[in-house]
Structure formats: C-alpha cells, structure tokens
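So the structure is just underneath, and the comments pick up after that.
Numbering (the numbering used here), first residue to last: 240 to 580.
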C-alpha cells in the first residue's frame, strides 16, 4: 500500500509542477486540431499506444496519442507496459494505493486490481521494481494533464488507474490474457494506455541491423563460420519511402523494420504482429503489452463484433531520437497510435 513516488521526476521529466504542466501543454498544442478528418479527441478512441522515454525525447510524439485519447466517459484507465527492471513471466499488478506525479496523485483502482488478482493469473510487482520502472510512470503526468483538460481541476473526479506490467509471454499466453481482459475493454467507461517504444538500435541494445550485400544483417549476430553476419529472414520493402534510396542508410533500414511492425499492428491480426517481431527481432520493448492489447481487441471483436474501422490501431506519428548513419551510433524509435472501440 502507500503512494508510489514519482522516481523519474527531475531527471526524465520536470519536477516543477508549473514547468511540467507548461511543457505538456506545449507538446499537445503542437498537434493539429484534427486527425484522420476527425476533431480531437477522436470520439470512441479509448485505446492508445504511446512511448515512454524521457519527455525531451518522446514527449512530442506521445502528445499525438494523448490528444486523440477520448476520456470523456472514462471511469477507469488501464495502463499496461513492459518490465525493464526485473525478469517477469506473465503479468504483474501494483500493490500501491496511488501513483504520485508533480501535478498530483492518481488513485489506483483497488476493486479492479483485487478482481484481477483473484484470477490467480497475476503476480505482484515488487515495490522496489515498481518504483524503478519507467514504462508506467512516464504516462502518469500525461494522463493527469488530459484528465485535467477533460474533467477540470477537481482531481476527485478523475478516474482511477489500473497499472499492469506485461512480461515475457508466448503467443498463446498473450491470447489468453487478451481473453481475460476483454471483459474490461467491452466496458465503454474504460480507457487503455499501452506503453511502448519501438526499435532500439545500437551496440548497447545488442541490435544493429543494417543493409549489407543486399540483405538486412545484424552486426551483433556474427555467423558461426566467423565470416560475415546473420541475415534476418525479411525482404526490405522500400515502398514506404517517398523514393527508394539507392544506398539505404541504417536509419532508413530502421524505419522499414519499424514500419513492418506498425503495419502488422494496424492489420489487427495479433498473430501477424507476433510473426513480424519473431522474424525481425525488432527490439520493440512493449511488444508483449501491444500483443496482449491486440489479443484483447481480437477477443472483443470475435465475441460481440465491431463496426468496420473499429478495433484496430491507426498510427499517427513516428519519430526517432536520432538518425543512425554510423555503426557506433544508437537510436530509439517512438510511435503513437489510437484505436476506436
């Protein structure tokens, strides 16, 4: 129990309430007032994917998802993200009562958390790892800001949150968690935030795919023969580029790999996304939270059916921390998406 401290405030984002509020306002103000021919927030967009890096890196990209998020009917908000601080198999729940932000505290939905715990499918996050984990925390100030814009200054009116870490899981395990969570997605008064960055490229991430000899090869996976590098079982698709590059730079390879992942997410087919990640080894840190969310959407669509255009993600922004040109460079990709349910 108790309040989870905002452990990354003052380093990953501003710890001064006025400065933080102003920064978030600025990020959101940079986003157009309409997306996909709809005014923002998009009616029924109860699910988003947004990045979780320091705000100076991913804050502008995350704003696109948050400005699309429809919280008007929200009575609770699920926040699901990956574990960076300890190995986790399956899913884990917080044991805190509140999550602190410099803007104010958000209350944990104890009833829903207890209900999930009673299924026997969830472990508890160790408090120390909960505090150290950034994938959930980085969304709390953004959510507070959007709740303030939606419900006004009275934080007592803000819906409680359900923080969940999604750890390592097989394709079938993701589908199983999706079926379990589908009852909550069917509730029109529940919103969802899926926390994920996309490609982490560089030696520090042990992932350096680049174009060599006409194939995408990973510089961190030398062949057993000791000559050359293993190639990924994928064919580059340069159609997403305005013009096919004659000699693609590494940052263009990264974009193609990320585009493959985003296309699979937009397809709505959970198995397609799982397959792309398996084949490309793309270091999408929130691949399991995304997979569980896609499986949840699939379960709802199968059970009750969804209107055309609903239940699948649309990506609205893609950015990178830097454009990799040299083998010693590094970058992290950020993407924002929403789904109408």
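Glycine is no exception: its CB is placed at the ideal position from the N, C-alpha and C atoms.
Is the CB-CB distance between residue i and residue j below 9 Å?
| i | j | result |
| --- | --- | --- |
| residue 373 | residue 323 | yes |
| residue 332 | residue 362 | yes |
| residue 242 | residue 317 | no |
| residue 398 | residue 310 | yes |
| residue 569 | residue 435 | no |
| residue 495 | residue 511 | no |
| residue 400 | residue 379 | yes |
| residue 530 | residue 579 | no |
| residue 432 | residue 345 | no |
| residue 463 | residue 338 | no |
| residue 416 | residue 574 | no |
| residue 489 | residue 447 | yes |
| residue 292 | residue 504 | no |
| residue 358 | residue 315 | no |
| residue 439 | residue 524 | yes |
Taking residue i as the reference, give the member of the options with the closest Cα.
| i | options | result |
| --- | --- | --- |
| residue 487 | 470, 381, 449 and 456 | 449 |
| residue 354 | 258, 420 and 451 | 420 |
| residue 260 | 276, 298 and 368 | 298 |
| residue 551 | 325, 525 and 576 | 576 |
| residue 501 | 491, 556, 473 and 489 | 556 |
| residue 269 | 305, 253, 251 and 244 | 305 |
| residue 289 | 302, 342 and 453 | 302 |
| residue 493 | 564, 371, 416 and 410 | 564 |
| residue 254 | 267, 342 and 336 | 342 |
| residue 538 | 508, 314 and 266 | 508 |
| residue 422 | 279, 543, 515 and 284 | 543 |
| residue 387 | 526, 336 and 263 | 263 |
| residue 340 | 497, 384, 540 and 513 | 384 |
| residue 336 | 533, 312, 240 and 411 | 240 |
| residue 312 | 427, 546, 536 and 523 | 427 |
| residue 360 | 334, 367, 567 and 328 | 328 |
| residue 535 | 278, 412, 546 and 266 | 412 |
State the Cα-Cα distance for the pair residue i and residue j, rounded to the nearest angstrom.
| i | j | result |
| --- | --- | --- |
| residue 376 | residue 382 | 10 Å |
| residue 272 | residue 414 | 35 Å |
| residue 274 | residue 408 | 34 Å |
| residue 558 | residue 276 | 22 Å |
| residue 391 | residue 418 | 34 Å |
| residue 371 | residue 452 | 42 Å |
| residue 554 | residue 286 | 12 Å |
| residue 466 | residue 459 | 13 Å |
| residue 471 | residue 445 | 14 Å |
| residue 521 | residue 257 | 38 Å |
| residue 528 | residue 425 | 18 Å |
| residue 282 | residue 468 | 48 Å |
| residue 349 | residue 394 | 17 Å |
| residue 473 | residue 456 | 10 Å |
| residue 526 | residue 506 | 15 Å |
| residue 560 | residue 513 | 25 Å |
| residue 402 | residue 330 | 10 Å |
| residue 396 | residue 284 | 20 Å |
| residue 356 | residue 567 | 45 Å |
| residue 491 | residue 518 | 18 Å |
| residue 515 | residue 499 | 7 Å |
| residue 454 | residue 410 | 27 Å |
| residue 533 | residue 347 | 24 Å |
| residue 267 | residue 252 | 15 Å |
| residue 250 | residue 367 | 18 Å |
With burial defined as no fewer than 16 other Cβ atoms inside 10 Å of the residue's Cβ, what is the status of residue i: buried or exposed?
| i | result |
| --- | --- |
| residue 320 | buried |
| residue 562 | exposed |
| residue 369 | buried |
| residue 265 | exposed |
| residue 229 | This structure cannot speak to residue 229, because the chain is shown only from 240 to 580. |
| residue 326 | exposed |
| residue 280 | buried |
Ordered list of beta strand (DSSP E) runs contained in the segment 325-383, each at least 3 residues: 330-332 and 361-363
Beta strand (DSSP E) segments (min. 3 residues) lying fully within the segment 265-300: 286-289
Length-filtered (3 minimum) beta strand (DSSP E) runs lying within the segment 413-447: 429-434
Every unbroken alpha helix (DSSP H) inside the segment 484-517 [4 residues or more]: 489-506
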